[in-house]
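**Q**
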Amino acid sequence: MTPTYDKVHNRFKFNGLNFSHEDLKEVAYSLIKEGEPYEKVTGSFLIDWLNNDDYLYVKTSGSTGQPKNIKLMKQAMVNSAIATGNFFGLEPGDTALHCLPSHFIAGKMMFVRALVLGLELDFVEPTAHPIFDYEKTYDFCAMIPLQVKHTIGYLNNVKTIIVGGSKVTRPLLEKIKDLQPKFYETYGMTETVTHVAIRQLESKSAQREPLFQALENIHFTQDDRSCLIIHAPKLVDEPLITNDIVDLKSDRSFKLYGRFDNVVNSGGVKLFPEQIEDKLQPIIKERFIVASEEDASLGEKLILIIEKPSTDLEVFKKEIESLATLDKFEIPKKIYSVDQFAETVNGKIQRKKTIKSVIG
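Here it is in structure tokens:
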């Protein structure tokens with residue numbers, strides 16, 4: 000029988016203690032009244048989750064547009080938690096580390112998974128460098144790439160780590176290869192109640208998977224732009240049309256290329272900034288964006304924007320031109336520097352705002 004949103008699993012623990020549905024309400028009120036700012040947000044979410052409504056509102060991150068509130072059905076969140084639990088084989092009594100902010104869907108869903116699946120949840124302050132019990136064994140954890148980067152030496156006691164929120168860079172992928180946990184890159188969004196597809200990354204205990212694989216009860220199609228359409232009837236009522244261009248390998252697997260609204264058409268050649276950024280990562284340590292600006296002959300020309308470059312731009316230019324992995328069309332025609340990228344409140348780069356600040 001499928002669990003419902005109004006029940007708390009009897010194996011659920013929050014920071015080492017069991018709580019019933021009513022007990023957890025008291026904890027939530029206490030967090031709001033006496034907690035640190037991040038705990039107050041968590042308390043507010045728990046109050047929303049434990050009330051009699053069958054829905055709640057979740058704010059999007061704003062990385063691809065203006066942040067907005069989205070109405071999600073609580074049962075859809077339960078269904079998402081079950082799908083994740085089944086994919087990773089999570090069992091009641093398994094331990095989970097929660098180090099994400101509760102403002103957004105990823106942080107909220109860590110609590111929902113624990114409540115529904117009966118996990119023993121350790122909740123720590125959601126900083127860029129989370130501090131947790133480095134000696135304790137955890138079965139499951141979700142992190143953003145920045146957190147993985149800052150805790151890379153303390154993760155071998157975590158069995159499974161899902162990584163989402165932003166791109167996993169090549170330098171980080173290289174470091175992950177030397178670690179024991181199983182790492183997975185996630186694909187999803189607030190509208191789909193976090194991830195709907197998962198791709199395993201290479202580590203000591205696992206081989207790299209090139210394709211994103213669908214979770215249960217989810218399948219994919221494409222529109223005429225080659226953009227992904229998500230069919231997830233247990234999460235959303237209607238098929239969700241994305242702006243993500245993919246190579247659809249089957250109705251349950253795909254390779255991700257980049258966003259439709261980022262594609263550059265330069266002299267009739269379609270270029271994917273995200274793919275070019277991936278190729279440039281070995282030689283640029285700073286944050287950077289590949290984008291385009293108008294050009295009289297090409298229509299659009301490829302540009303590179305680097306945040307606070309530590310090297311002269313001419314040096315970057317020569318290194319890029321000598322990079323064997325780049326096609327000639329993928330070499331930026333112009334390089335800009337900027338002091339600070341525009342960001343969302345949770346640290347994601349706002350591409351459009353950053354590009355506009357450079358080229359107007």
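Note that the sequence shown covers residues 0 to 359 in numbering that gives the first Met the number 0.
C-beta: ideal position from N, C-alpha, C; glycine also.
Let me know if ASP93 comes out buried or exposed under the rule of 16 or more other beta-carbons within 10 Å of its beta-carbon.
**A** Taking the first residue of the sequence shown as position 1, residue 93 is located at position 94. The residue is buried, with at least 16 neighbouring Cβ atoms inside 10 Å.
**Q** Measure the CB-CB distance between ILE160 and MET142 and report whether it falls below 8 angstroms.
**A** As a working mapping, residue 160 is identified with position 161 in the sequence shown. As a working mapping, residue 142 is identified with position 143 in the sequence shown. It is a contact, given that the beta carbons lie within the stated cut-off.
**Q** Distance, Cα to Cα, PRO91 vs ALA27?
**A** Here residue 91 corresponds to residue number 92 of the sequence shown, with the count starting at 1. Here residue 27 corresponds to residue number 28 of the sequence shown, with the count starting at 1. Cα to Cα, the separation comes out at about 23 angstroms.
**Q** Assuming TYR37 is part of the beta strand (DSSP E), what are its boundary residues?
**A** Numbered from 1 along the sequence shown, position 38 holds the residue referred to as residue 37. No beta strand (DSSP E) contains TYR37, which is instead part of the alpha helix (DSSP H) from 36-49.
**Q** Buried or exposed: VAL192, going by 16 or more other Cβ atoms within 10 Å of its Cβ?
**A** Reading the sequence shown from its first residue, position 193 is the one you call residue 192. Looking at its Cβ environment, which holds 16 or more other Cβ atoms inside 10 Å, VAL192 is buried.
**Q** With DSSP as the reference, label ALA205 as helix, strand or coil.
**A** Residue 205 sits at position 206 when you count from the first residue of the sequence shown. Residue state, collapsed to three classes: strand.
**Q** Suppose only complete runs of 4+ residues qualify. What are the alpha helix (DSSP H) ranges in the stretch 274-320, listed by chain order?
**A** Whole alpha helix (DSSP H) segments, 4+ residues: 312-320.
**Q** Give the straight-line distance between the Cα atoms of ASP250 and VAL268, rounded to the nearest whole angstrom.
**A** Translated into the one-based positions of the sequence shown, residue 250 becomes position 251. Translated into the one-based positions of the sequence shown, residue 268 becomes position 269. C-alpha separation (whole angstroms): 28 angstroms.
**Q** Report all residues from its chain with a CB closer than 7 angstroms to the CB of ALA105; omit the five preceding and five following residues, and keep chain order.
**A** Residue 105 sits at position 106 when you count from the first residue of the sequence shown. Within the same chain, ALA105 has close Cβ partners LEU99, ALA141, GLY163, GLY164 and THR193.
**Q** Taking all protein chains shown into account, do 16 or more other C-beta atoms lie within 10 angstroms of the C-beta of PRO308, making it buried, or fewer, making it exposed?
**A** Taking the first residue of the sequence shown as 1, we reach residue 308 at position 309. The residue in question, PRO308, is buried, as its Cβ has 16 or more Cβ neighbours within 10 Å.
**Q** Name the two residues that bound the continuous alpha helix (DSSP H) containing ALA105.
**A** As a working mapping, residue 105 is identified with position 106 in the sequence shown. Per DSSP, ALA105 belongs to the alpha helix (DSSP H) from 104-116.
**Q** For GLY266, count neighbouring Cβ atoms within 10 angstroms of its own Cβ and tell me buried if that reaches 16, exposed if not.
**A** Mapped onto the sequence shown, residue 266 falls at position 267. By the 10 Å Cβ count, GLY266 comes out exposed.
**Q** Mind checking if PRO308 is an interface residue toward chain C, Cβ cutoff 8 angstroms exclusive?
**A** Protein chains in the displayed structure number just one, and chain C is not present.
**Q** Evaluate the contact criterion for the stretch 338-347 versus the stretch 314-326: three or more CB pairs, one atom per stretch, below 8 angstroms.
**A** No, the stretch 338-347 is not in contact with the stretch 314-326.
**Q** Do you know whose CA, among ILE283, LYS67, TYR56 and LYS135, lies nearest GLY15's CA?
**A** Looking up residue 15 in the sequence shown gives position 16. Out of ILE283, LYS67, TYR56 and LYS135, LYS135 has the C-alpha closest to the C-alpha of GLY15.
**Q** Give, in chain order, every unbroken run of the alpha helix (DSSP H) that is at least 4 residues long and sits entirely within the stretch 217-283.
**A** Counting only runs of 4 or more, we get 272-279.
**Q** With a threshold of 6 angstroms on Cβ separation, who are the neighbours of ILE217 within its own chain once the five nearest residues in sequence on each side are excluded?
**A** Translated into the one-based positions of the sequence shown, residue 217 becomes position 218. Same-chain partners within the cutoff: VAL195 and ALA231.
**Q** Among ILE330, LYS233, ASP311 and LEU30, which one has its Cα closest to the Cα of PHE271?
**A** For the purposes of this step, residue 271 is taken as residue 272 along the sequence shown, with counting starting at 1. Comparing Cα-Cα distances from PHE271 to each of ILE330, LYS233, ASP311 and LEU30, the minimum goes to ILE330.
**Q** How long is the line joining the alpha carbons of VAL57 and LYS73, rounded to whole angstroms?
**A** In the sequence shown, residue 57 corresponds to position 58, counting from 1. In the sequence shown, residue 73 corresponds to position 74, counting from 1. Straight-line Cα distance between these residues: approximately 11 angstroms.
**Q** Evaluate GLN65 with the Cβ neighbour count: other Cβ atoms within 10 Å of its Cβ, from every protein chain shown; 16 or more gives buried, anything less gives exposed.
**A** As a first step, residue 65 must be located in the sequence shown, where it is residue number 66. Exposed is the call here.
**Q** For ALA196, list the residues DSSP reports as bridge partners.
**A** In the sequence shown, counting from the first residue as 1, residue 196 sits at position 197. Answer is TYR186 and ALA213, bridged to ALA196.
**Q** At the level of alpha carbons, what is the spacing between LYS181 and GLU208?
**A** Stepping through the sequence shown from its first residue, residue 181 is reached at position 182. Stepping through the sequence shown from its first residue, residue 208 is reached at position 209. LYS181 and GLU208: Cα-Cα distance of roughly 12 angstroms.
**Q** How would you call HIS102, buried or exposed, if buried means at least 16 neighbouring beta carbons within 10 angstroms?
**A** Taking the first residue of the sequence shown as 1, we reach residue 102 at position 103. Label assigned to HIS102: buried.
**Q** Take ARG198 and list the residues in its own chain whose beta-carbon comes closer than 6 angstroms to its own, dropping the five residues that flank it on each side.
**A** Taking the sequence shown and counting its residues from 1, the one referred to as residue 198 is at position 199. Correct list, in chain order: GLU184, GLU208 and PHE211.
**Q** Give a yes or no on whether the C-beta atoms belonging to PHE139 and LEU171 are separated by under 8 angstroms.
**A** What you label residue 139 is simply residue 140 of the sequence shown in a count that begins at 1. What you label residue 171 is simply residue 172 of the sequence shown in a count that begins at 1. No, they are not a contact pair.
**Q** Throw me the rounded Cβ distance for the THR150 and PRO129 pair, which I believe falls under 8 angstroms.
**A** On the sequence shown, residue 150 is found 151 positions in, with the first residue counted as 1. On the sequence shown, residue 129 is found 130 positions in, with the first residue counted as 1. Rounded, the Cβ-Cβ distance is 6 angstroms, consistent with contact.
**Q** Is the stretch 106-115 in contact with the stretch 36-55, if contact means three or more CB pairs nearer than 8 angstroms?
**A** Touching, per the Cβ criterion.
**Q** Which residues in the same chain have their Cβ closer than 6 angstroms to the Cβ of ASP246, if we skip the five residues on either side of it in sequence?
**A** Mapped onto the sequence shown, residue 246 falls at position 247. Closer than 6 angstroms at Cβ, skipping near neighbours: LYS254.
**Q** Just checking my contact of ASN9 with GLY117 at CB under 8 angstroms: how many whole Å lie between their CB atoms?
**A** Your numbering for residue 9 matches position 10 in the sequence shown. Your numbering for residue 117 matches position 118 in the sequence shown. Confirmed, Cβ separation roughly 7 angstroms.
**Q** DSSP on ASN156, reduced to helix/strand/coil?
**A** Translated into positions along the sequence shown, residue 156 becomes position 157. Coil at ASN156, not helix or strand.
**Q** Taking the alpha-carbon of PHE287 as reference, which of PRO238, ILE348 and LYS158 has the nearest alpha-carbon?
**A** Numbered from 1 along the sequence shown, position 288 holds the residue referred to as residue 287. For PHE287, the nearest C-alpha among the options comes from ILE348.
**Q** Would ILE31 pass as a contact of LYS24 if the rule is Cβ separation under 8 angstroms?
**A** As a working mapping, residue 31 is identified with position 32 in the sequence shown. As a working mapping, residue 24 is identified with position 25 in the sequence shown. Going by C-beta atoms, ILE31 is not nearer than 8 angstroms to LYS24.
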